[in-house]
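K.L.:
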Amino acid sequence: MVLLFWVHINGQGVNPARIFLYPYTLSAIDRGLATDVIRAPTGLSPAGRQVRVTSTAPLDRTGRSGNHYIAGRLIVKFRDEMSAASRLAAVAAVSSNSSIPDRPSYANFDVVRIGPTEDPEVMAASLRSRPDVEYAQAAYRVRARMVPTDQFYQRYQWNMPLIDLERAWDIQPAAASSIVVAVLDTGIAYKSAMFRFDARSFTDDAGIVHNALGTIDVPFAAADDLSGPGRFVAPHDFIWNDDSPLDLDGHGTHVSGTIGQLTNNSGYGTAGVAFNVKIMPVKVLAGDWDVVFGAAPDVGGSDEDVARGIRYAADNGANIINMSIGQSGPANCGVNPNQDGCAPAVEDAIKYAVAKGVFVAVAGGNDFQNGNPTEVLAEIASRVPGAVSVAAVDRLKNRAYYSGTGSWVELAAPGGSQRGFGIDGLILQQTLDGTVGACLVTPVACGIAPSLDRPRFDQLGFFFYAGTSMAAPHVAGVAAMLMQQGIRNPAAIEAALERFATDLGPAGRDNSFGFGLVEARNTLRGLGLAQ
Amino acid sequence: MKTAIVALVCAAATTSSAFAQVRPPPPRPIDVPGISLRPFVFVAEESFSARQTFNAVFGRSYQPLWGGGLNVALKNGFYLDVSALRFKKTGQRAFFFEEQAYGLQIPLTVTVTPLEVTAGRRFNVTSQLRPYVGAGLGAYHYQETSPFDDAPFDKRHVGYLVVGGVEIRVSRWFAVSADAQYGYVAGIIGSGGISKDAGETNLGGTAGRFRVIIGR
């Protein structure tokens, strides 16, 4: 049975529209456990798996700070008392080709349009010197922190008992049923539907040029081990600027699975940490096909999307925000956040969310082998009580080889590592089968020979991923369970997570594990009077 | 009272008339047996010294107690109290953050059973009002249980106490007393749990007690 009705979704800005055709009533195609496709971490940065789109859409550039930004825009927070005319005059002083569109939703800052060839970092520096500007920054790129590889509880989910979750579930079998966790990511495979897209020409990561497919209908299916009645609340997509944050990548669905995969459900699939939470899909990262379909200039997102996503989640009832995303930048954003490479807009948004009682978990970063740069978003989290940055450990509780180290690391959680363990060392959850989706534009990174010329997002399986992206949702899940027990102060949640963590590495807090490996049972159980 | 008056009359009747007019003899002490055994029961409100700890678990640091015992009173004013009491209450597990306690909605039942021995002296201010002071030792049995304990916590330790109060004789066989007792009980709390985080090691505290005493 197919319901036919057409709804146009009006995109904003440079985003083209996509067309929702009809709900897709067939269930997902279950590809089962995927153990035959192993994508080991290579040390390549996520930028290594980019699809180049043959279009005139502005690509991101590298600034003088060494960070990638989206050309043609500048994030500026003027002081509240400043009039619109004064704001225009201020930006005109630094750019002859500037305008200030209406402020986007869920933003307390303006996104100034500038010329595509103008350097937003130079302009930001000039604007920051003005007393009527609180902060100004380029729209820096943020990317998913993941190392997807390949793929049931007793056999594969070593990560759950590693943080004593089985005994934690004894304490709280409800597993956070009243808590809403917002997943700021690439979207989630949360509904079944058919969408029509305009697919442009692109060059895959093997250098092969693919002709434009034109208008194509693409099926989507909800992840059946994640979806259920009332499961998803207030979905929103900041890439397509609509309310259909569909996952065209797989990262967000995998992350969501670790937070809340359905559990004890007829022996199917995998378990999630807080398996009764409500999930708010907030898409702030574009996948490869979002790029090919013209919604974004490149995979990933920008500070603008992330800051708005955080505010959206906080304003729409989220209790927890998981951000398995990150960007590298200068080490001293804590001392001077209003400088190139820092993300004051995101910092402002995180503080806003925490002030509204939202706990935030942020991935600590996967670039240890790439110079171990400071993770800007994780560093922000480390300075905000109520937000935590999360490093990754392997199944022997050693620091995962990719997990970044630094003063910003506050907690550790299982992120997985194939080194020494093979697939047994990775994190398993249900997500999109990339071999018929994202991998069609990144066959080299996926290690496959694509068999289709157009993607489909209705085929899901159980896949192994690794990364601090996989670690952060463990912490978000335990925080959700703690919140279910009445602890609503985000700073207190952070304090409990750190107080009851299992100290690893040198005694006390250290730069590899922070305060240690999150310990679910002890955190939920707290303390007795004398023991 | 009636007994005392009769005794005074009898004493006057047996004294020579000359001395009786010039220097009346001192009143005879109340007819107190050489040793008396007086059972008592009491209720108390104790303000525990581990204030943060008890606040965190039970929501307040003062708690009601009840118990009973035996008072051994000697004619010379010295006495010995042996009492047993019990405190049992269910609170919740918790943790501290910035000196504020956060309860975790997991039941935690604490039972304290002290056996106390106090020796002291009573002073006959009037025939009805007898202040007293004393000091002693207690054997304290502490038990803590929670649904998610790996094992129940069970510990015994000796503590010290001082007491001061006043006894009011209501009738020949019935008295009441009100006193304040301070106890110091180290060695049970403070090495783990929320008491360790609070840095509190004394399970004792200051108790206001009201006793009902049966006996002369």
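Protein chains in written order, with this note's numbering: chain A, 1321 to 1851; chain B, 88 to 303. By construction, the Cβ of each residue, glycine as well, lies at the ideal position given by its N, Cα and C atoms.
#1: What residue does the alpha helix (DSSP H) around M1402/A start on, and which one ends it?
#2: Short of 9 Å Cβ to Cβ, which residues in the region 242 to 256 of chain B face chain A?
#3: Do you know offhand how far Q1370/A's Cα is from D1525/A's?
#4: Counting only beta-carbon atoms, is Q1474/A nearer than 8 Å to chain B?
#5: Once you ignore the five residues that flank S1497/A on each side, which residues in its own chain have a CB closer than 6 Å to its CB?
#6: I need the boundaries of the alpha helix (DSSP H) containing A1720/A, first residue and last residue.
#7: If you compare alpha carbons, which of N289/B, A131/B, E186/B and L290/B is closest to P151/B?
#8: Taking C-alpha atoms, which residue in N1831/A, M1801/A, R1719/A and W1489/A lies nearest to A1791/A?
#9: Specify the secondary structure class of G1368/A as computed by DSSP and reduced to three states.
#10: Please name the residue, chosen from S1702/A, F1820/A and Q1750/A, that lies closest to I1508/A on a Cα-to-Cα basis.
#11: Under 8 Å between beta-carbons, which chain D residues line up against A1816/A? List them in chain order, please.
#12: F1558/A: buried (16+ other C-beta within 10 angstroms of its C-beta) or exposed?
#13: Taking its Cβ as the centre, do 16 or more other Cβ atoms sit within 10 Å of A1409/A, making it buried, or is it exposed?
#14: Quick one: using the 10 Å Cβ neighbour count with 16 as the cut-off for buried, is V1838/A buried or exposed?
#15: Have a look at A94/B and R259/B and give me their C-alpha separation to the nearest angstrom.
#16: Quick one: what's got a C-beta closer than 6 Å to Q230/B's C-beta in the same chain, skipping five residues either side?
#17: In terms of residue numbering, what span does the beta strand (DSSP E) encompassing R243/B cover?
#18: What number of angstroms, rounded off, separates the C-alpha of G1685/A from the C-alpha of A1733/A?
#19: Considering only C-alpha positions, which residue in the set I1641/A, I1768/A, P1664/A and W1560/A is nearest to V1798/A?
#20: Exposed or buried, what is E133/B when buried is set at 16 or more other beta-carbons lying within 10 Å of its beta-carbon?
#21: Should N1842/A be labelled buried (16 or more other beta-carbon atoms within 10 Å of its own) or exposed?
#22: Mind reading off the beta-carbon distance from G1754/A to G1589/A? Whole number of angstroms is fine, and I expect it under 8 Å.
#23: Taking A1606/A as the reference, give the member of A1638/A, G1661/A and N1561/A with the closest Cα.
#24: Tell me whether the beta-carbon of I301/B lies closer than 8 Å to the beta-carbon of R125/B.
#25: Report the residue from L1697/A, A1627/A and Q1647/A whose alpha carbon sits nearest the alpha carbon of A1669/A.
#26: Is there a C-beta anywhere in chain B that falls below 8 Å from the one on D1490/A?
#27: Measure the Cβ-Cβ separation of S1723/A and A1711/A and say whether it is below 8 Å.
#28: Kindly list, in the order they appear in chain B, the residues whose Cβ is closer than 8 Å to that of A1591/A.
#29: So, under 8 Å CB-CB, A1633/A and T1694/A are touching, yes? Tell me the CB distance rounded to an integer number of Å.
#30: In three-state DSSP terms, what is S214/B?
#31: How big is the Cα-Cα spacing for A285/B and Q139/B?
#32: Run through chain B and tell me which residues come within less than 9 Å of R1829/A, C-beta to C-beta.
#33: Between the alpha carbons of A1850/A and S282/B, how many angstroms are there, rounded?
#34: Within 10 angstroms of the Cβ of I122/B, are there 16 or more other Cβ atoms? Answer buried if so, exposed if not.
#35: Might you give, ordered along the chain, the residues of its own chain that have their beta carbon closer than 7 Å to the beta carbon of A262/B, omitting 5 neighbours on each side?
#36: Measuring CB to CB, does A273/B end up less than 8 Å from T288/B?
P.N.:
Inspection of the coordinates gives the following:
#1: Here M1402/A belongs to no alpha helix (DSSP H), and DSSP marks it neither H nor E.
#2: K242
#3: In this prediction, Q1370/A scores a pLDDT of 38, lower than 50, which makes its location untrustworthy; no coordinate-derived value is stated.
#4: no
#5: N1596
#6: Per DSSP, A1720/A belongs to no alpha helix (DSSP H) and is neither H nor E.
#7: A131/B
#8: R1719/A
#9: Low per-residue confidence applies at G1368/A: pLDDT is 33, beneath 50, and the placement is therefore not dependable, though the value from the model is reported in the following sentence. Looking at G1368/A - three-state DSSP - the assignment turns out to be helix.
#10: Q1750/A
#11: The chain inventory of the structure shown lacks chain D, comprising the protein chains A and B.
#12: buried
#13: Flag for A1409/A reads exposed.
#14: buried
#15: Summary for A94/B: the model assigns pLDDT 38, below 50, so the residue's position carries little reliability, and this model does not support an answer.
#16: T198 and D241
#17: F240 to S258
#18: Straight-line Cα distance between these residues: approximately 13 Å.
#19: Ranked by Cα distance from V1798/A, the first of I1641/A, I1768/A, P1664/A and W1560/A is I1641/A.
#20: buried
#21: buried
#22: The pair is not a contact, with the Cβ atoms about 18 Å apart (cut-off 8 Å).
#23: N1561/A
#24: yes
#25: A1627/A
#26: yes
#27: yes
#28: Against chain B, the beta carbon of A1591/A has no neighbour under 8 Å; the closest one sits roughly 20 Å away.
#29: Taking 8 Å as the upper bound for CB-CB distance, A1633/A and T1694/A are not in contact here, some 25 Å apart.
#30: coil
#31: 6 Å
#32: Residues of chain B passing the Cβ test: none, with the nearest at roughly 16 Å.
#33: 6 Å
#34: exposed
#35: E254, I255, R256 and I300
#36: yes
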